[in-house]
């Protein structure tokens, strides 16, 4: 996708907080600070607790979509965030000490279908790398063979609205959601859930991603004590409704695509394979 205009993004980087020192450090993907520093039905996240979370912002409107840092030069988000981006200009705004990066290019999946939301994934290449520290770390991209089983408890984060007709959150929100089996979710959505989609939430309702959370991460903690990107906030019917869980892009279906798009860069994306010994 060619972008004839300047785009910058907001990265929540080194927050000026007495509890943290800002210095370069990289201990691998999927790690959070040792000190734990909307989502409908969620709670405020503490500063730096989700160090791969990115806010994409538009001039005059502020926050538009979320994204996840997967390498020093690469973000992953949802393709639908950019389908009408001919007038988007992302600018610096934010929390305490944010940083901006210009986007070198946006790569939408060639099979993205805006009507069915299938293949809803995009890669954003930064023009300059970010520097990892305790509060800025990439999330782990799972291997294509990685399995996130039904019932697994995961987290979704974002600055989306706090209720279906509500206002955007001013603080990053986090909420626990459970992975729902493909068959169960497909029955609730009349076979609209493709193999490239993943459902998570509470069948009884009450907790869900909502408008403004799109493109943000659904992450699961694996036995290696690292956080893996299981899904990308994509779509749903309403927010936090009964029998209408959130639908996410299933990241394991795109591991090879992510690798293919990023492999020619000087610092290729590290794909993480969970090994249990």
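Residue numbers (my numbering): 2 to 278.
Positions of the beta carbon are idealized from the N, C-alpha and C atoms, including for glycine.
Between the alpha carbons of residue 54 and residue 115 lies a gap of roughly 24 Å.
Beta-bridge annotation (DSSP): residue 195 is not paired with any residue. With contacts defined by Cβ atoms closer than 8 Å, residue 135 and residue 105 do not form a contacting pair. According to DSSP, residue 51 shares a beta bridge with no other residue. Apart from sequence neighbours up to five positions away, the residues of its chain that approach residue 221 with a beta-carbon distance below 6 Å are 149, 153, 155, 229 and 231, ordered along the chain. Taking all protein chains shown into account, residue 172 has fewer than 16 neighbouring C-beta atoms within 10 Å of its C-beta and is therefore exposed. Residue 121 sits buried, since 16 or more C-beta atoms from the chains shown fall within 10 Å of its C-beta. Scanning its chain for C-beta atoms nearer than 8 Å, with the 5 sequence neighbours on each side dropped, one finds around residue 233 the residues 69, 77, 78, 79, 121, 122, 216, 217, 218, 219, 249, 250 and 252, in chain order. For residue 204, the closest of 181, 57, 144 and 145 by C-alpha to C-alpha distance is 181. Taken through DSSP and simplified to helix, strand or coil, residue 150 comes out as coil.
Taking every protein chain shown into account, the CB of residue 117 has fewer than 16 other CB atoms within 10 angstroms, so this residue is exposed.
Going by C-alpha positions, residue 101 is about 42 Å away from residue 188.
Restricting attention to 146, 72 and 141, the CA atom closest to the CA of residue 32 is found in 141.
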